[in-house]
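To start, the structure under review is shown below, and the notes come after it.
Number of protein chains: 6
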Amino acid sequence: MPPSSLAEIIAEMEAQYDPAWAEPWDAVGLVCGDPALPVRKVLFAVDPVAVVVDEALEWGADLVVTHHPLYLRGTTTVAASTFKGRVIHRLIRNDVALYTAHTNADVASPGVSDALARAVGLSPDLRPLQPSADDPRRGLGRIGTLPSPMALREFAARAASGLPPTSLKVAGDPERTVETVAVSGGAGDSLLGAARAAGVDVFLTADLRHHPASEFMEAGGGPALVDASHWATEWPWLAEAAERLTSAMAAKGITVEARISDVVTDVWTTTDLD
Amino acid sequence: MPPSSLAEIIAEMEAQYDPAWAEPWDAVGLVCGDPALPVRKVLFAVDPVAVVVDEALEWGADLVVTHHPLYLRGTTTVAASTFKGRVIHRLIRNDVALYTAHTNADVASPGVSDALARAVGLSPDLRPLQPSADDPRRGLGRIGTLPSPMALREFAARAASGLPPTSLKVAGDPERTVETVAVSGGAGDSLLGAARAAGVDVFLTADLRHHPASEFMEAGGGPALVDASHWATEWPWLAEAAERLTSAMAAKGITVEARISDVVTDVWTTTDLD
Amino acid sequence: MPPSSLAEIIAEMEAQYDPAWAEPWDAVGLVCGDPALPVRKVLFAVDPVAVVVDEALEWGADLVVTHHPLYLRGTTTVAASTFKGRVIHRLIRNDVALYTAHTNADVASPGVSDALARAVGLSPDLRPLQPSADDPRRGLGRIGTLPSPMALREFAARAASGLPPTSLKVAGDPERTVETVAVSGGAGDSLLGAARAAGVDVFLTADLRHHPASEFMEAGGGPALVDASHWATEWPWLAEAAERLTSAMAAKGITVEARISDVVTDVWTTTDLD
Amino acid sequence: MPPSSLAEIIAEMEAQYDPAWAEPWDAVGLVCGDPALPVRKVLFAVDPVAVVVDEALEWGADLVVTHHPLYLRGTTTVAASTFKGRVIHRLIRNDVALYTAHTNADVASPGVSDALARAVGLSPDLRPLQPSADDPRRGLGRIGTLPSPMALREFAARAASGLPPTSLKVAGDPERTVETVAVSGGAGDSLLGAARAAGVDVFLTADLRHHPASEFMEAGGGPALVDASHWATEWPWLAEAAERLTSAMAAKGITVEARISDVVTDVWTTTDLD
Amino acid sequence: MPPSSLAEIIAEMEAQYDPAWAEPWDAVGLVCGDPALPVRKVLFAVDPVAVVVDEALEWGADLVVTHHPLYLRGTTTVAASTFKGRVIHRLIRNDVALYTAHTNADVASPGVSDALARAVGLSPDLRPLQPSADDPRRGLGRIGTLPSPMALREFAARAASGLPPTSLKVAGDPERTVETVAVSGGAGDSLLGAARAAGVDVFLTADLRHHPASEFMEAGGGPALVDASHWATEWPWLAEAAERLTSAMAAKGITVEARISDVVTDVWTTTDLD
Amino acid sequence: MPPSSLAEIIAEMEAQYDPAWAEPWDAVGLVCGDPALPVRKVLFAVDPVAVVVDEALEWGADLVVTHHPLYLRGTTTVAASTFKGRVIHRLIRNDVALYTAHTNADVASPGVSDALARAVGLSPDLRPLQPSADDPRRGLGRIGTLPSPMALREFAARAASGLPPTSLKVAGDPERTVETVAVSGGAGDSLLGAARAAGVDVFLTADLRHHPASEFMEAGGGPALVDASHWATEWPWLAEAAERLTSAMAAKGITVEARISDVVTDVWTTTDLD
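In structure tokens, the structure reads:
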């Protein structure tokens with residue numbers, strides 16, 4: 146059985162995560178690599194950073210799929226005197242391609258927030274927090290329910306144990322009972338209004354800043370907030386995306402080996418302060 | 146000795162924190178209240194929120210001075226059907242004024258980051274991280290030195306013990322030796338470039354998000370990062386501002402009683418997860 | 146019978162003057178006041194100015210409804226050191242609410258220009274001068290007919306006698322016969338094109354400036370112009386709005402007392418020059 | 146003595162009213178005509194309208210100088226199917242040039258507001274209301290003093306008698322005593338702030354609208370307002386400009402005949418309403 | 146039989162080249178002239194330049210119809226001290242009107258590119274290269290086929306012989322076989338994408354610049370390019386427009402004499418360099 | 146003698162063509178490659194296109210210096226599925242760097258237009274056509290004189306023989322005598338005004354389009370125009386830049402081998418039409 150070409154892998158990725166679904170400001174798709182080359186091994190990671198390139202080269206990956214774009218804003222240089230250019234040079238010299246599925250993976254169904262919802266133990270019947278205008282079955286964030294009502298502090302503990310290593314902050318009364326939950330992988334400032342409108346008990350997301358969170362809580366009447374690390378909320382999606390790709394290729398008679406990067410690329414390391 | 150009028154208090158505050166120093170997008174100065182009324186008791190707080198109004202009314206404050214504006218963007222209504230309007234109604238009905246010193250207090254010398262620097266134990270010879278164009282003795286952030294070199298993890302522990310209750314996250318090798326330190330109260334994303342250019346060993350600030358922090362660390366060659374809570378990094382300034390006001394008024398023969406709010410208005414509460 | 150709450154009054158006002166009809170740049174609705182408080186007495190006025198507040202406090206009003214917004218553009222302060230802030234402080238201290246119906250009252254049917262049309266004696270079958278895109282039965286301005294053709298100078302005299310005290314200026318041949326009339330309360334520069342397109346004989350409005358009016362007349366073939374004072378063209382609406390509110394509340398079994406402000410807030414006073 | 150060429154007339158006009166002084170949005174200078182043609186007769190008028198062209202053709206003018214531009218905004222057609230194009234066609238067919246001195250004449254010294262100040266009887270020592278940034282001896286508006294203090298109503302009567310036929314409206318207490326006066330020919334909304342800052346007793350200008358005037362009076366502490374017709378406040382300048390041109394040309398030994406248009410092009414006609 | 150008025154000619158032109166079809170940035174229609182005057186002789190030309198005015202006056206034209214606007218961007222002056230103003234003065238003084246049909250003639254069917262397609266020998270079954278959104282039967286450019294396949298160099302020679310005097314440049318392999326052809330009169334940079342999408346063998350247009358053409362060819366897989374002079378690609382339309390106008394007027398019983406300007410207004414003259 | 150590193154070459158290039166001189170919209174400097182690698186052979190070319198990469202790989206170049214940027218506008222992908230990405234992949238895989246000196250080389254002294262001036266035989270005392278604001282000795286374009294006056298047609302022939310293969314178009318009377326000459330390599334539309342102001346007899350540049358050139362000639366009183374191919378006007382600079390680089394490196398004791406690309410990357414090929 147011949148190996149798959151990069152072009153075939155891309156076709157399958159785009160069948161699942163249509164680039165047309167990405168936000169207008171986003172930059173998804175193939176970043177470097179030659180669609181005609183064969184692809185046997187695919188590494189899935191959140192961030193296109195140096196330690197992920199190390200892992201790809203050590204393992205012998207032909208393709209790295211990341212959630213975050215290397216160049217979200219356009220560049221006029223990939224010189225190796227820049228850290229992003231070094232990523233490009235190392236990948237091209239070793240015939241490793243880089244492919245990004247970002248906001249198109251966020252809004253896909255299933256997508257990034259479905260995996261997050263499962264990781265924190267929500268029931269499987271999920272619906273979008275902010276449905277896409279063109280297809281309300283897709284969208285940003287997901288809303289689901291816990292198996293039974295619990296205190297906010299219990300939910301936070303449950304989230305911490307279901308996610309990879311993460312910081313975790315809570316806003317709201319720790320003893321408040323929560324049952325309906327909204328989750329959204331990555332920075333969630335812009336979804337605070339949707340979370341209030343949805344009438345959920347708690348909203349789990351990342352990168353919330355003081356002012357929007359403080360004004361949200363002062364306004365009152367809305368859900369509690371749980372803020373985890375950006376990386377930890379998006380990592381659960383990798384395994385799902387890898388499984389979907391390898392299964393789909395296998396159904397076409399093509400074997401692709403996938404690996405989930407286990408390098409924590411959360412910028413924040415934990416220190417033993419206490 | 147007659148009490149001070151609000152007008153006199155404002156004149157003294159503006160002598161120390163000139164409104165002309167505020168950023169063009171900022172909204173500083175008197176938010177509500179009548180300059181002709183007497184002021185005997187002044188409450189200093191970070192955020193103009195409901196619990197701070199509770200404290201002001203209980204204590205019998207005539208004036209609340211906050212760091213954060215109530216209306217950073219303009220409003221066309223102060224109706225009591227909004228949470229900000231409720232703040233306005235409660236204050237006006239009880240003849241309590243509200244006054245804000247925000248980015249003009251950030252860049253003053255001494256200002257918000259001087260107090261933060263002292264709180265985490267930097268030596269007293271501080272200089273601005275990003276000097277103001279019109280007067281380089283003022284500016285955003287401060288640069289100082291620790292009494293002796295120490296591991297990054299030790300500095301983080303020192304910061305945690307010097308600040309009021311706060312979350313604390315670290316990026317960089319915990320064993321890295323640090324001695325020169327940049328600090329900036331409040332959200333610090335926009336000062337990452339200045340911190341790198343300053344050649345310091347570590348930059349302590351708040352509200353750093355994944356993408357700017359991750360790209361900053363990947364670029365390499367710069368300082369380690371310590372991210373504390375927004376509220377905790379600004380709170381140390383309150384005592385200093387109160388002291389400067391009461392001393393200056395006393396020098397004019399006027400007694401003003403000041404109080405530092407001890408209500409934690411950090412939106413994030415700590416939960417016992419472990 | 147219990148008094149009405151402010152919330153109930155607002156609900157009725159919005160049933161008649163839907164805030165969604167207001168222009169995007171406008172600022173309508175509740176400006177200050179608490180929706181939970183009772184409302185027994187409502188004062189209707191064109192402008193939210195100091196003499197109107199005087200009248201409201203003397204009469205014991207619980208609510209002032211004005212046509213013009215206090216803050217058309219957003220403010221970051223309601224300090225009593227500003228004249229608008231003094232309005233806010235006096236109203237809040239006396240538990241008087243302020244509510245605005247502006248461009249939503251202009252386009253309502255019946256609305257501001259219906260009352261103006263009646264005041265100058267047009268027949269009751271009126272149609273909008275510039276119909277709203279979403280519902281052509283509403284819109285800016287009204288077109289109607291006089292009971293019989295008359296000279297332009299006669300129409301001007303008729304308008305002067307039907308309106309409260311006003312300056313009045315006329316452009317066009319005073320002997321021209323007019324029968325179809327367009328009217329629009331408030332500043333009418335932007336409706337000159339609609340008035341020409343409507344084929345009417347005369348257009349009565351306010352605040353017309355030299356250049357648009359001069360170019361309009363030079364272009365020829367259009368209606369004559371009558372320019373009255375801004376205040377005088379909007380005042381007739383107050384009685385109608387008051388009547389509609391009290392009747393609707395009475396139908397619900399609630400008594401609300403209404404009063405039409407008789408303070409002339411036209412900025413222009415007449416002097417005896419001759 | 147040979148007649149002057151249009152080019153020579155323009156050179157003299159531009160020596161007195163430098164086009165570089167005009168606002169960036171303005172359109173001054175030669176509108177139509179051939180600089181090589183002789184000019185014996187020059188008609189001065191406020192507006193480039195049909196009745197002024199009638200007068201120019203009847204009198205045999207070679208040049209019409211107006212204060213207002215024919216095309217303030219650019220046009221892509223001068224077809225005779227437009228009223229402005231008809232002006233162009235009639236002028237070109239009869240070899241009559243059209244020249245505009247607008248905001249460059251406003252800020253010149255002496256300029257439009259000097260003539261207005263004299264017309265209402267101010268003392269000759271005038272200074273700009275809003276000095277030009279590049280030369281504070283020039284600028285918009287003029288400030289002067291009355292020969293003796295008088296009631297506002299007396300000043301208004303004095304203004305009415307010193308100006309050509311005009312409407313006249315007053316804001317402020319008619320019995321208020323006024324002595325220092327600011328005047329500005331044409332629409333004066335944008336100079337209200339300067340008039341307040343100047344600390345004058347009364348500001349005479351034109352085309353003031355309800356909202357800016359009402360907010361100005363509500364703010365309190367500023368001058369009274371007198372609003373005359375746009376045309377009437379600019380007409381006094383014509384005689385002065387004509388005199389300056391003919392004198393300057395005579396000094397070069399060239400005879401130019403000037404005429405001040407006596408057609409009232411104020412769009413507003415007076416009707417006998419009483 | 147009475148002569149036609151300019152108004153009747155314009156009505157017929159607009160029936161064929163509806164001004165509503167013009168691009169929003171364009172300026173089409175009557176530039177000068179009086180619609181009431183009679184029109185017996187009409188000169189058609191590409192550019193409204195001095196030599197075309199010479200020809201119009203010598204021949205005694207009543208109307209000049211050009212493809213290019215005299216004032217594409219608005220002007221505030223038509224003074225004879227400018228070269229465009231001299232065109233206006235000469236035309237108005239001699240009662241000659243000027244009328245423009247530009248992008249409305251480009252997208253008409255038949256329009257400018259139909260005539261170009263015929264001039265270079267394409268078969269008569271043409272379709273738009275970039276169909277108009279509101280009516281796909283109209284649009285910019287035309288696509289057609291050659292009677293038989295030929296080398297690119299042969300097609301270029303054919304184009305050179307079918308057009309009036311023109312420079313001609315070719316990009317692509319001269320021996321490449323071409324059969325399907327896109328043509329667009331005037332500057333064609335903005336249609337390169339449409340030409341590639343259409344899958345034609347060659348695209349003939351004008352005013353192509355180095356960078357867009359170079360990137361187009363480097364991208365590969367698209368048509369060859371032929372760049373002729375702007376004037377030469379639009380000139381063929383003149384005869385067709387003249388024939389359509391005179392026929393349509395004749396059908397109404399009105400005789401109009403038309404003439405195609407034979408002055409080459411291509412700015413580029415050929416020199417004998419070899 | 147050790148080879149030079151890319152970093153040293155870049156330092157020398159930037160000493161001669163300071164990146165700070167580039168236009169704000171430009172993208173100059175290192176596009177790909179590793180500054181730490183050695184550089185022995187440098188290929189100079191106008192365009193970073195496939196045939197230039199072919200030449201670089203065949204010759205064994207370590208660095209390609211081009212005048213035109215590969216990515217003038219930013220890109221978010223260098224995938225080999227794009228023609229620009231293929232350039233990047235081929236260069237990086239073969240350890241060939243790409244460096245651009247564009248508008249910084251245009252305004253340098255000597256720069257691109259100096260070489261062009263020499264190629265067409267102007268005397269060596271040249272001055273900028275549009276001097277740079279910060280240093281008037283640099284700037285866009287050059288002005289010089291011919292050894293003796295000649296007919297425009299003779300100058301055009303001289304230019305054709307001095308340049309590499311090029312199309313050549315002339316606007317103006319071929320027999321006009323010319324002596325002072327302005328030249329500017331690359332697209333010259335934006336310098337037409339400067340060329341008129343300079344009072345030269347002829348302006349040689351590239352990529353002039355019909356409308357600006359036609360309006361320029363109609364305005365009259367300015368220079369004749371000669372339009373050559375974009376590529377041909379910039380190619381002469383390559384030899385000079387190569388010579389300056391190798392000399393400067395030799396002076397430091399470092400041998401660098403330079404080669405001028407002899408591939409014509411003008412998009413326009415000549416066909417034998419006659």
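Chains as they are written, first to last, in this note's numbering: chain B, 146 to 419; chain C, 146 to 419; chain S, 146 to 419; chain D, 146 to 419; chain Y, 146 to 419; chain H, 146 to 419.
We put the beta carbon where it would ideally sit given N, CA and C, even for glycine.
Because the structure is a prediction, the values reported are computed rather than measured.
(1) Does Leu418(H) get closer than 7 Å to chain B when you measure Cβ to Cβ?
(2) Over what stretch of residues does the alpha helix (DSSP H) that includes Arg272(D) continue unbroken?
(3) Shortest alpha-carbon distance to Asp372(S) belongs to which of Trp382(S), Gly365(S), Ala384(S), Pro357(S)?
(4) Using a beta-carbon distance below 7 Å, is His454(S) in contact with chain C?
(5) Between Arg321(H) and Val315(Y), what straight-line distance do the alpha-carbon atoms span, to the nearest angstrom?
(6) For His234(D), go through chain Y and note every residue whose CB falls closer than 7 Å to its CB, in chain order.
(7) So is Thr222(C) in contact with chain S if we call contact Cβ pairs under 7 Å?
(8) What residue range does the alpha helix (DSSP H) around Ala253(S) cover?
(9) Does DSSP put Arg231(D) in a helix, in a strand, or in coil?
(10) Can you list the residues of chain S that Trp413(D) reaches, using a CB-CB cut of under 8 Å?
(11) If you reduce the DSSP assignment to three classes, tell me which class Val196(B) lands in.
(12) Measuring only the C-alpha atoms, how far is Ala369(S) from Asp318(S)?
(13) By the three-class DSSP mapping on this structure, what secondary structure does Ser392(D) have?
(14) Check whether chain Y comes within 7 Å of Ala250(D), counting only Cβ atoms and requiring the distance to be less than that.
(15) Please state whether DSSP places Leu175(Y) in a helix, a strand or coil.
(16) Identify whether Asp372(B) lies in helix, strand or coil by the three-state DSSP scheme.
(17) Once DSSP output is grouped into helix, strand and coil, what is the label at Val315(B)?
(18) Could you check which residue in Lys186(C), Thr290(C), Gly178(C), Phe228(C) has the C-alpha nearest to that of Tyr244(C)?
(19) Considering only DSSP beta bridges, list what Gly284(H) is partnered with.
(20) Could you spell out the range, first to last residue, of the alpha helix (DSSP H) harbouring Gly338(C)?
(21) Count the other C-beta atoms from every protein chain shown that fall within 10 angstroms of the C-beta of Pro273(S), then say buried if there are 16 or more, exposed otherwise.
(22) Are Val408(Y) and Val191(Y) close, meaning C-beta to C-beta below 7 Å?
(23) If you follow the beta strand (DSSP E) that Gly307(C) is part of, which residue opens it and which one closes it?
(24) Ala364(B): buried (16+ other C-beta within 10 angstroms of its C-beta) or exposed?
(25) How is Pro269(Y) classed by DSSP in three states: helix, strand or coil?
(26) Would you call the CB atoms of Asn239(H) and Leu202(H) closer than 7 Å?
(27) Assuming Ala156(H) is part of the alpha helix (DSSP H), what are its boundary residues?
(28) Step through the CB atoms of chain B and report whether any lies within less than 7 Å of the CB of Arg404(C).
This is what the structure gives:
(1) Taking the first residue of the sixth sequence as 1, we reach residue 418(H) at position 273. For Leu418(H), the predicted model reports a pLDDT of 46, less than 50, meaning its position is unreliable; a value from the coordinates is still stated below. No, because no Cβ of chain B sits closer than 7 Å to the Cβ of Leu418(H).
(2) Within the fourth sequence, numbered from 1, the residue matching residue 272(D) stands at position 127. From DSSP, Arg272(D) is part of no alpha helix (DSSP H) but of the beta strand (DSSP E) over 272-276.
(3) The count along the third sequence starts at 1 and reaches residue 372(S) at position 227. The shortest C-alpha separation from Asp372(S) is found at Pro357(S).
(4) Residue numbering for chain S in the displayed model covers 146 to 419; residue 454(S) lies beyond these limits and cannot be assessed.
(5) To locate residue 321(H), count along the sixth sequence from 1; it is residue 176. To locate residue 315(Y), count along the fifth sequence from 1; it is residue 170. When rounded, the distance between both Cα atoms is 30 Å.
(6) Mapped onto the fourth sequence, residue 234(D) falls at position 89. Those are Asp179, Ile237, listed as they occur along chain Y.
(7) Here residue 222(C) corresponds to residue number 77 of the second sequence, with the count starting at 1. Output row for Thr222(C): interface = yes.
(8) Along the third sequence, one-based indexing puts residue 253(S) at 108. No alpha helix (DSSP H) holds Ala253(S); DSSP gives it neither H nor E.
(9) Walking along the fourth sequence from the start, residue 231(D) turns up at place 86. Helix, per DSSP.
(10) On the fourth sequence, residue 413(D) is found 268 positions in, with the first residue counted as 1. By Cβ distance, chain S contributes Lys314, Val315, Ala316, Ala358, Asp372.
(11) On the first sequence, residue 196(B) is found 51 positions in, with the first residue counted as 1. Looking at Val196(B) - three-state DSSP - the assignment turns out to be helix.
(12) Working through the third sequence from its first residue, we reach residue 369(S) at position 224. Working through the third sequence from its first residue, we reach residue 318(S) at position 173. Answer to the nearest angstrom: the Cα atoms are 8 Å apart.
(13) Within the fourth sequence, residue 392(D) is the residue found at index 247, counting from 1. Correct three-state label for Ser392(D): helix.
(14) In the fourth sequence, the residue the question calls residue 250(D) occupies position 105. For Ala250(D), the answer is no, since every Cβ of chain Y falls outside 7 Å of its Cβ.
(15) Taking the first residue of the fifth sequence as position 1, residue 175(Y) is located at position 30. Note: Leu175(Y) maps to strand in three-state DSSP.
(16) If you number the first sequence from 1, residue 372(B) lands on position 227. It is a strand residue.
(17) Taking the first sequence and counting its residues from 1, one reaches residue 315(B) at position 170. Three-state DSSP puts Val315(B) in a strand.
(18) Translated into the one-based positions of the second sequence, residue 244(C) becomes position 99. Closest by alpha carbon: Gly178(C).
(19) Looking up residue 284(H) in the sixth sequence gives position 139. The partner list for Gly284(H) (beta bridge, DSSP) reads Pro276(H).
(20) Along the second sequence, one-based indexing puts residue 338(C) at 193. 337-343 is the span of the alpha helix (DSSP H), which, as asked, contains Gly338(C).
(21) As a position in the third sequence, residue 273(S) is number 128, starting the count at 1. Under this definition Pro273(S) is a buried residue.
(22) Taking the first residue of the fifth sequence as position 1, residue 408(Y) is located at position 263. Taking the first residue of the fifth sequence as position 1, residue 191(Y) is located at position 46. The answer is no: Cβ separation not under 7 Å.
(23) In the second sequence, the residue the question calls residue 307(C) occupies position 162. Gly307(C) -> not in any beta strand (DSSP E); alpha helix (DSSP H) instead, spanning 297-307.
(24) On the first sequence, position 219 is the one that residue 364(B) refers to. So Ala364(B) ends up on the exposed side.
(25) Within the fifth sequence, residue 269(Y) is the residue found at index 124, counting from 1. Reduced to three states, the DSSP call for Pro269(Y) is coil.
(26) Working through the sixth sequence from its first residue, we reach residue 239(H) at position 94. Working through the sixth sequence from its first residue, we reach residue 202(H) at position 57. For Asn239(H) and Leu202(H), yes; Cβs fall inside 7 Å.
(27) By one-based count along the sixth sequence, residue 156(H) stands at place 11. Looking at the DSSP string, the run of the alpha helix (DSSP H) that includes Ala156(H) is 151-161.
(28) The sequence position of residue 404(C) within the second sequence is 259, counting from 1. Not closer than 7 Å to any Cβ of chain B, the Cβ of Arg404(C) fails to qualify, so no.
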